[in-house]
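Comments concern the structure below.
In my numbering, the protein residues as written are 1285 to 1609.
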């Protein structure tokens, strides 16, 4: 734990410095560091430190001196969140690895702000507790529910590949988490690719069995993204959000139970389930590096080859100036 906390703290100055450089932030005394817009609209999902930040209310306190209020907008999953960013209904949000790729391919003018470290066990392919399926290889010809374009989409691609199967060897059923769980429970699908806390809830509430998680298969980074026009006009707000997320990471990594207590009412799950997901999350917000950017490019290339996105994209086009290049 101490080594984790030291690592998280070491990232603070580095992260803020890189984000400031990449997004062209001025010093606190310069007018260009402050906000042009009176409201920042933040898209969030039922997981992660951004949602804990919402529950704690620290960001509102940080932005009040800037004359900026916060509007929180909930989304069922990352693709829907970035669609909201693309059409201008939100300014900032957090998603997994795949959604930014689908959004960029759809023409979204977004910018990667930062990312969390890998959390490969926070997503998995699960089967019902009574299923006879014992390995990913046995999923051939089976129906697998997942949210199209979410982080688990790439998990499924790589898990099948590792098991010697092609993506086309299974039947993908695209459903948002709530509908996917309903289909999973009634036996309409054979497996479900899902992330925390939905994963933790399925394990604890209905005995779903993990067939394979992301360990040794995918990194499962969580990304913070902004509308590029908003980031360019409101760099001080972006800097403040990153700063508050960094502080939150240090606090949450030191007290999983306290973090779960804040998160549980935000996501509508009990303390035990929430704490399981909190423990599987990765803490220590970081600037986008060349390694992470290259991993994202690999995912983008794989999706294009599978014809899951309509055109090839360059992740570098969505990075802050001077970052990850």
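Note that CB positions come from ideal geometry on N, CA and C, so glycine has one too.
Under 7 Å between the Cβ atoms of residue i and residue j?
i	j	result
residue 1438	residue 1381	yes
residue 1420	residue 1479	no
residue 1354	residue 1343	yes
residue 1477	residue 1409	yes
residue 1588	residue 1596	yes
Which partner residues of residue i appear in the DSSP bridge assignment?
i	result
residue 1407	1479
residue 1456	1428
residue 1510	1376, 1395
residue 1327	1357, 1377
residue 1493	1411
residue 1364	Bridge partners of residue 1364: none, in fact.
residue 1400	In the DSSP output, where bridge partners are listed per residue, residue 1400 has none listed.
For residue i, collect the residues of the same chain with a Cβ closer than 6 Å to its Cβ; drop the 5 residues on either side in sequence, then sort them by chain order.
i	result
residue 1550	1335, 1339
residue 1447	1420, 1421
residue 1413	1491, 1493
residue 1292	Its pLDDT being 43, under 50, residue 1292 is placed unreliably in this model, and the coordinates cannot settle the point.
residue 1511	1369, 1375
Which residues in the same chain have their Cβ closer than 7 Å to the Cβ of residue i, if we skip the five residues on either side of it in sequence?
i	result
residue 1356	1326, 1328, 1338
residue 1469	1490
residue 1456	1428, 1430
residue 1361	1329, 1431, 1434, 1460, 1461
Whole-angstrom Cβ separation of residue i and residue j, contact assumed at under 8 Å?
i	j	result
residue 1430	residue 1389	At roughly 18 Å, the Cβ-Cβ gap does not stay under 8 Å, so residue 1430 and residue 1389 are not in contact.
residue 1544	residue 1558	4 Å
For residue i, count neighbouring Cβ atoms within 10 angstroms of its own Cβ and tell me buried if that reaches 16, exposed if not.
i	result
residue 1590	exposed
residue 1317	Bear in mind that a pLDDT of 44 at residue 1317, under 50, signals an unreliable position, so the number given afterwards is only what the model happens to contain. Buried, since its Cβ has 16 or more Cβ neighbours within 10 Å.
residue 1593	buried
residue 1312	Model confidence at residue 1312 stands at a pLDDT of 34, short of 50, so the residue's coordinates are unreliable and nothing is read from them.
residue 1461	buried
residue 1564	buried
residue 1315	Because the pLDDT of residue 1315 is 34, which lies under 50, any placement of that residue in the model is unreliable, and the question is left without a value.
residue 1471	exposed
residue 1601	exposed
residue 1349	exposed
residue 1371	exposed
Excluding the 5 residues preceding and the 5 following residue i in the sequence, name in chain order all residues of the same chain whose CB lies nearer than 8 Å to its CB.
i	result
residue 1404	1497, 1498, 1499, 1500, 1501, 1502, 1503, 1504
residue 1450	1444
residue 1508	1334, 1376, 1377, 1378, 1396, 1397, 1398, 1399, 1525, 1526, 1529, 1569
Considering only heavy atoms of the ligand NAP, does any lie closer than 6 Å to the CB of residue i?
i	result
residue 1570	Ligands displayed in this structure: none; no statement on the ligand NAP is therefore possible.
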